[in-house]
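Enquirer:
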Amino acid sequence: MAAGNTVADYLKRAVDRLPLDRGNYPYVTARVKAKKSLLLPVETYERLLQMGIPAIARFLGEGQYHDEMLALGARYDGVDLVEMATRDNLATVFTQIIGFSEGSLRDMIGHYLDRWDVWNVKTILRGKFYGATAEEILEDVIPAGSLGLAFLERLVGLETIEEVVEALEDTPYFSAVLGLTVAPGEVTTLAPYEDLLDRLYYVHLLEVIPPASEPTTLFHNFVRLEIDVTNLKTLLRVLGVEGLQTRQLFIPKGRYLRRSDLREMVKLDLPGVLRRLRNTPYHDTLAPYLQEEGGDPARGIRAMENWLLDQASTGSNLHPLSILPVLDYVIAKTREVENIRIVARGKESGLSVEQIREMLVV
Amino acid sequence: MGDLGAGMVALSVALTLIGTAVATAWAQKVIGGAAIGAMAEKPELFGRGLVLMVIPETIILFGFVIGFLLLGLIPQVAAVP
Amino acid sequence: MLRPKEMARVLIAGPRDRLSSTIEILHEMKALHVVGHVGEDETFGLGQPLPQASEVSESLVKLRSIASILEIEAKPTLPAAEVGSDAEQRILTLEVNIREEEESRKRIDELLAEQSVRIEALRPFATLELDLASYAGYENLSVFVGRISGDLDGLDEVTERYEAFRTGDVIALFADASQEDEVRQFLLGQGFASLEVPAEEGDPRQLLQTLLEGGEKWRHRLDAVRERLTKLRAKYADFVISAEAFLTVEIEKAEAPLLFAASDHSFVAEGWVPLDRWPEIRDRLGGVEALYVDLQNPPGEADPPVLLDNPKPTRPFEFLTKLFSTPRYGEIDPTLPLFVVFPLFFGFIIGDLGYGSLFILLGLVALWKMRPPSDFRNLMAIIMLGGVFAALFGTFVFGEAFGIPFHAAVETVAGGPQPVSAEGTPLSWASFGINIPIGALVHKLTDVGDMLVLSVIAGAVHLGLGYLIGIVNELPHSRRHAAAKGAWLAVLFGLFVILMYAVRSNRVAGFVWDQVLFFIPRAILDLSGFEIPVASLVLLVVGTAAVVYLEALTKPINIAGFLAPIEIAGLLANIISYTRLAGIAIAKAALAEALMSLVFGSLIFTGQIALVIGGFAALVVAQMLVFFLGGISAGIQALRLNYVEFFSKFYNGNGVPFKPFGAPTVETA
């Protein structure tokens, strides 16, 4: 979206800068802060680790996952129940937040939550690609973005990838997946398309919310920080993997890390990467895991996730009447659901308490 | 004090009340929104929310007191017991 | 009474095989507030749930979901009866039954929704009586099907080669394909909206008929499913409720070890017991072999749980205390002051025999109909007591019932009570020939000054009480803070004296200045026209200086303490804040007076049947309005004065409520 220079554009930009009431910030931030205080405290995970899966389901049903457990409890059990209840809850909670926010605040939150659209499109494509059943795919669909459940169900019901791509024509994601239909037989992996979807999401997000005023600037900066963290996680994952260097792995417009730098870092070893990060805020967080050859990139990834959680929470305290408390809550809530799922899945596959604890991000 | 002076004082009183009333209303709008938002998730915050909500009332109370004192400057008003 | 129950810290330790018997005893006694074990150390980790936890949890999740599907409301009256060993089996059966019914219900719902879409699509075509096949498959014909609001009179001028079928506003038009655009243009001008031809085959009337009949059949089936669900509910409701209660208790016991510390062979539980129940606990647990039970010194930062301890009549007011925050242990419980002050303020604002009696009546109904524990019941009990004071104030001070004074005020002010009768007297109970031999001490609408002064006096006394409690609260922790509260009390008294002297021309303030404050030296200082008693100035200066000395000149120096002089304005605002008592009382009385004068003067006393009937209807509405508006604003404002002005002088709150292990958790909606 190129900035125009007509009188109307100037006027619009001027209006964007006016300190008008552009959203019900007090209500929304107070409410999400209250919601955040209802998230599971750290000590609770320790107790969850000692419980069996049914007990976890019961415990969740006595708290914030009450409605979902009541609705699903009679039909499902075990890990399925926990996964579906957390999934439904995530969708309900995020849709609810969009519902009670207003004005440009609502737009920002809505665009931010469109990440679930990307997630769903990826899930469906992957399901179709590997021949999963509609039911299996639907279990992982989280209708918390702009694409409604009805539309997603229709997508899941389609037979082939080509049909899915065709049905996506009116969405912003069409251009990313268009390539899938050109020569269907030659597609051997979905990974490049998934990268493209992620990139498209962030580029679109930064474009529709230009940093025009203080609220949008805060939003912008945080999203760019998130891009850095995502890129770093990608970097740590692909480091040392052959043949990936040619792919466009990274998302542009990160806050501190340029794409060209990241592309060079792919070729380095862990200490080398750490040296390149010396002047970024990420150095100290990653140092313990990257210092020596071999290191522990997996724990580095979790450390970055933790760091982002901390950043969100700090930002939310520094700017209590901005969008940051909302983003903070969205990230923390998503994290909670992921943690619960890690515990449930870990229990299911018979991992020890120590192993599961190691995987949690709290 | 002439009529003009009395009129000016009366106007000041009105301005004081308008200003403090608008300020109170604006502050209560913000705090009230936040209080209701928090209470929607945690009803047990009612008591705290109520307390925070009414704090800006002090603004208009001061306005009222100042207005009252200003009114005393008008001889016609001061004459009324 | 003014303090929560005294708590003692208990430590229980024993070998692992005594775990479940210990849990049984503790659960039965409902006296130990367990402090959860946190942090891992070398030997003691978190305990593991008893083995049955998983199984019981699974049943419980199912059961709760089933209860929700069957819409079974838990009746807390039913005892948590022991559920037999076949419970699991019964839950499974129930689950299978319900799952089937739920699924068929969902399927039928979907089917019916789908059918209704088809029916809606077919309906217009059924009226046209053309076979569905006849709408497509032409080379030289264009087919237009849709609804039209205009008519086809002008179509002949556009084209001659067409054939139209029309029933009501539904139309099917077959026209020469070469003139398609012209025909469409014409049709659009006549308000044409096209309909999609259903992708079905055959005679639409027959199709519709079949669908409607089929729909009827499905609806019957849906009813049958619903009926079966209702039957299931009737049959299993009691089982579901008692099983849920029983299993909830079971799971609480089974998961208790999650709060304990445990090593390979032993466990340790810590918690708080009300001191008066300690001997009981010691004796019961002492009976278990190899179990160590004793009191211990609480760790330094310990924050004992709080169990409020108030005499029965004041207990509903614990609701108001908790609505703000549970008091901290070691802090004075403000329930008793609330019990005295809240109804007094409420009564003063309402100040009406009629409305007061109504509040009493409402409260009595609630006490009679509702079972404790219920927040709403507490609230009604509180309102009832407020009603008592409202009736007392209304009878002996304000002389007023249902917004109508016993006797009209002698002096009528402009804009005050308007005459409603031919004799030119304002409305009063005397207008109805009811003569109550009590005169009003204070007329709300004419004695505004009295009302304001009374409010300020109430405020000063209330705030003073707040500072006194503050002194008692601070004394054990810091003499310095306690002394500062005392200094503030002096400042408050000084302000009060100044206010009373300034408005001493008012009879109430005059009385206070002359008779109550007789001990204050009469020396007056004239500050360029503004007179204040010398004694009050001394109080202000000494008090403020003391506050600054005590709060600011600490080690290290506390900068915030220097702001104390500014806080005097805050205290003044606190006092003035109490004038809302008068303000709302007057506003309510004025509203009632105006409405009643209007209803009686312009409607009921006219004697014209229609107006009289309308008048009585208006009377009911107006009375309800005054009653509820008055009740709500009086309640909120009386509460606010307690929460904001009063509590801020001494109250911390944020205590941990005492929740003994085994006590039923009150479901929060």
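Residue numbers (the working numbering), protein chains in the order written: chain A, 1 to 362; chain B, 1001 to 1081; chain C, 2001 to 2669.
The beta carbon of each residue, even a glycine, is placed where N, CA and C say it ideally should be.
As the structure is a prediction and not an experimental result, all values here were calculated from the model.
(1) I2404 (chain C): which of C:G2351, C:L2364, C:D2169 sits nearest, CA to CA?
(2) I'd like the ranges of any alpha helix (DSSP H) spanning at least 4 consecutive residues and lying wholly in the stretch 2340 to 2408 of chain C.
(3) Please confirm if L138 (chain A) has its CB atom under 8 Å from at least one CB of chain C.
(4) Please decide whether R106 (chain A) counts as near chain B, where near means a Cβ-Cβ distance under 8 Å.
(5) Going by C-alpha to C-alpha distance, which of C:A2290, C:F2174, C:E2139 sits closest to P2015 (chain C)?
(6) I want to verify the contact list: residues of chain A whose CB lies under 9 Å from the CB of S2057 (chain C), in sequence order.
(7) Apart from the five residues on each side of it in sequence, which residues of its chain come closer than 6 Å, Cβ to Cβ, to F2650 (chain C)?
(8) Going by beta-carbon coordinates alone, are P2343 (chain C) and V2397 (chain C) separated by less than 8 Å?
(9) Quick check: what's the CA-CA separation for P252 (chain A) versus L262 (chain A)?
(10) Please list the partners that G1047 (chain B) has in chain C, where partner means a Cβ-to-Cβ separation under 7 Å.
(11) Can you give, in chain order, each stretch of the beta strand (DSSP E) that sits fully within the stretch 2104 to 2156 of chain C and has at least 3 residues?
(12) For L178 (chain A), does the three-state DSSP call read helix, strand or coil?
(13) Have a look at L2639 (chain C) and R2228 (chain C) and give me their C-alpha separation to the nearest angstrom.
(14) Would you kindly report the start and end of the unbroken alpha helix (DSSP H) that includes M119 (chain A)?
(15) Taking the alpha carbon of S2020 (chain C) as the point to measure from, which residue in C:V2158, C:I2148, C:F2260 has its own alpha carbon closest?
(16) Compare the C-beta of T1058 (chain B) with all C-beta atoms of chain C and state if any pair is closer than 8 Å.
(17) Can you tell me which of A:E264, A:T216, A:P211 puts its alpha carbon nearest to the alpha carbon of L232 (chain A)?
(18) Return no unless some Cβ of chain B is closer than 8 Å to the Cβ of N317 (chain A).
(19) Look up S2021 (chain C) in the DSSP assignment and say whether it is helix, strand or coil.
(20) Measuring only the C-alpha atoms, how far is I2557 (chain C) from E2250 (chain C)?
(21) Which runs of the alpha helix (DSSP H) at least 4 residues long sit entirely within the stretch 67 to 104 of chain A? Give them in chain order.
(22) Between the stretch 2579 to 2586 of chain C and the stretch 2448 to 2456 of chain C, do at least 3 Cβ pairs fall closer than 8 Å?
(23) Beta carbons nearer than 7 Å to chain A: which residues of the stretch 2163 to 2180 of chain C have them?
(24) List, in chain order, every chain B residue whose beta-carbon is nearer than 7 Å to that of R2315 (chain C).
(25) Going by beta-carbon coordinates alone, are N2654 (chain C) and R2328 (chain C) separated by less than 8 Å?
(26) Which residues in the same chain as I2586 (chain C) place their Cβ atom closer than 7 Å to its Cβ, once the five residues preceding and following it in sequence are excluded?
(27) Just how far apart, CA to CA, sit V2158 (chain C) and L2141 (chain C)?
(28) I2012 (chain C) bridges to which residues according to DSSP?
(29) What does the alpha-carbon distance come out to for the pair G2271 (chain C) and L274 (chain A)?
(30) Going by Cα to Cα distance, which pick from C:L2362, C:S2134, C:D2169, C:Q2190 is closest to G2154 (chain C)?
(31) Mapping the DSSP letters down to three states, classify F2038 (chain C) as helix, strand or coil.
(32) How about R2688 (chain C) and V2293 (chain C): do their beta carbons lie closer than 8 Å?
(33) Step through the CB atoms of chain C and report whether any lies within less than 8 Å of the CB of V1013 (chain B).
(34) Does any residue of chain A have a CB that is nearer than 8 Å to the CB of A2013 (chain C)?
(35) Among C:V2056, C:V2096, C:L2211, C:E2252, which has the Cα closest to the Cα of V2034 (chain C)?
(36) If you check the beta carbons only, do Y2643 (chain C) and L1050 (chain B) fall under 8 Å apart?
Expert: Here's the rundown:
(1) One-based indexing of the third sequence puts residue 2404 (chain C) at position 404. The candidate whose alpha carbon is nearest that of I2404 (chain C) is C:G2351.
(2) With a minimum length of 4 residues, the unbroken runs of alpha helix (DSSP H) contained wholly in the stretch 2340 to 2408 of chain C fall at 2353 to 2369, 2375 to 2392.
(3) In the first sequence, residue 138 (chain A) corresponds to position 138, counting from 1. No, because no Cβ of chain C sits closer than 8 Å to the Cβ of L138 (chain A).
(4) Here residue 106 (chain A) corresponds to residue number 106 of the first sequence, with the count starting at 1. No, its Cβ sits nowhere closer than 8 Å to a Cβ of chain B.
(5) Along the third sequence, read from residue 1 onward, the residue named residue 2015 (chain C) stands at position 15. Nearest of C:A2290, C:F2174, C:E2139 to P2015 (chain C), Cα basis: C:A2290.
(6) Residue 2057 (chain C) sits at position 57 when you count from the first residue of the third sequence. Here the neighbours are M51, G52, I53, P54, A55, I56, A57, R58, F59.
(7) The residue you call residue 2650 (chain C) lines up with position 650 of the third sequence. Within the same chain, F2650 (chain C) has close Cβ partners G2466, I2469, G2470, N2473.
(8) Residue 2343 (chain C) sits at position 343 when you count from the first residue of the third sequence. Residue 2397 (chain C) sits at position 397 when you count from the first residue of the third sequence. Contact flag unset, no.
(9) By one-based count along the first sequence, residue 252 (chain A) stands at place 252. By one-based count along the first sequence, residue 262 (chain A) stands at place 262. Going by the C-alpha atoms only, they are around 10 Å apart.
(10) For this step, residue 1047 (chain B) is matched to residue 47 along the second sequence. The answer, in chain order, is L2323, F2324, S2325, Y2643.
(11) DSSP runs (the beta strand (DSSP E)) wholly in the stretch 2104 to 2156 of chain C: 2141 to 2148.
(12) Here the question's residue 178 (chain A) lines up with position 178 in the first sequence. When secondary structure is reduced to three states using DSSP, L178 (chain A) falls in the coil class, being assigned neither helix nor strand.
(13) The count along the third sequence starts at 1 and reaches residue 2639 (chain C) at position 639. The count along the third sequence starts at 1 and reaches residue 2228 (chain C) at position 228. Their Cα atoms are separated by approximately 51 Å.
(14) The count along the first sequence starts at 1 and reaches residue 119 (chain A) at position 119. Note that residue 119 (chain A) corresponds to Trp in the displayed sequence, not to Met. Counting along the chain, the alpha helix (DSSP H) containing W119 (chain A) begins and ends at 115 to 129.
(15) Along the third sequence, read from residue 1 onward, the residue named residue 2020 (chain C) stands at position 20. Answer by Cα proximity: C:F2260.
(16) Within the second sequence, residue 1058 (chain B) is the residue found at index 58, counting from 1. True, the Cβ-Cβ gap to chain C drops below 8 Å.
(17) As a first step, residue 232 (chain A) is located in the first sequence; it is residue number 232 there, counting from the start. Looking at A:E264, A:T216, A:P211, the one whose alpha-carbon comes closest to that of L232 (chain A) is A:E264.
(18) Counted from its first residue, the first sequence places residue 317 (chain A) at position 317. So, not an interface residue.
(19) Residue 2021 (chain C) sits at position 21 when you count from the first residue of the third sequence. The answer is helix: DSSP assigns S2021 (chain C) an H, G or I state.
(20) Counting from 1 along the third sequence, the entry for residue 2557 (chain C) is found at position 557. Counting from 1 along the third sequence, the entry for residue 2250 (chain C) is found at position 250. Taking the straight line from one Cα to the other gives about 56 Å.
(21) For the stretch 67 to 104 of chain A, whole alpha helix (DSSP H) runs of length 4 or above, ordered along the chain, are 78 to 100.
(22) Flag = yes, the stretch 2579 to 2586 of chain C and the stretch 2448 to 2456 of chain C touch.
(23) For the stretch 2163 to 2180 of chain C, which is checked against every Cβ of chain A, not one residue is closer than 7 Å.
(24) Residue mapping note: residue 2315 (chain C) aligns to position 315 of the third sequence, counting from 1. Neighbours of R2315 (chain C) in chain B, taken as residues at a C-beta separation under 7 Å, are lacking, since the least C-beta distance is about 18 Å.
(25) Residue mapping note: residue 2654 (chain C) aligns to position 654 of the third sequence, counting from 1. Residue mapping note: residue 2328 (chain C) aligns to position 328 of the third sequence, counting from 1. Yes, they are a contact pair.
(26) As a working note, residue 2586 (chain C) is residue 586 in the third sequence. Result list for I2586 (chain C): K2444, L2445, V2448, M2451, in chain order.
(27) In the third sequence, residue 2158 (chain C) corresponds to position 158, counting from 1. In the third sequence, residue 2141 (chain C) corresponds to position 141, counting from 1. Taking C-alpha positions only, V2158 (chain C) is separated from L2141 (chain C) by approximately 15 Å.
(28) Working through the third sequence from its first residue, we reach residue 2012 (chain C) at position 12. Per DSSP, C:A2269, C:V2293.
(29) The residue labelled residue 2271 (chain C) in the question sits at position 271 within the third sequence. The residue labelled residue 274 (chain A) in the question sits at position 274 within the first sequence. G2271 (chain C) and L274 (chain A): Cα-Cα distance of roughly 49 Å.
(30) Within the third sequence, the letter at position 154 stands for residue 2154 (chain C). Relative to G2154 (chain C), the option among C:L2362, C:S2134, C:D2169, C:Q2190 whose CA is nearest is C:Q2190.
(31) Position 38 of the third sequence, counting from 1, holds the residue named residue 2038 (chain C). Looking at the sequence itself, residue 2038 (chain C) is Val, so the reference to Phe does not match. Coil, per DSSP.
(32) Nothing can be reported for residue 2688 (chain C), as the shown portion of chain C is limited to 2001 through 2669.
(33) For the purposes of this step, residue 1013 (chain B) is identified with residue 13 of the second sequence, where counting begins at 1. V1013 (chain B) does not count as touching chain C.
(34) Taking the first residue of the third sequence as position 1, residue 2013 (chain C) is located at position 13. Judged by the 8 Å Cβ criterion, A2013 (chain C) is not in contact with chain A.
(35) Sequence index remark: in the third sequence, residue 2034 (chain C) carries index 34 (1-based). When only C-alpha atoms are compared, the closest one is C:E2252.
(36) Numbered from its first residue, the third sequence carries residue 2643 (chain C) at position 643. Numbered from its first residue, the second sequence carries residue 1050 (chain B) at position 50. Taking 8 Å as the Cβ cut-off, Y2643 (chain C) and L1050 (chain B) qualify as a contacting pair.
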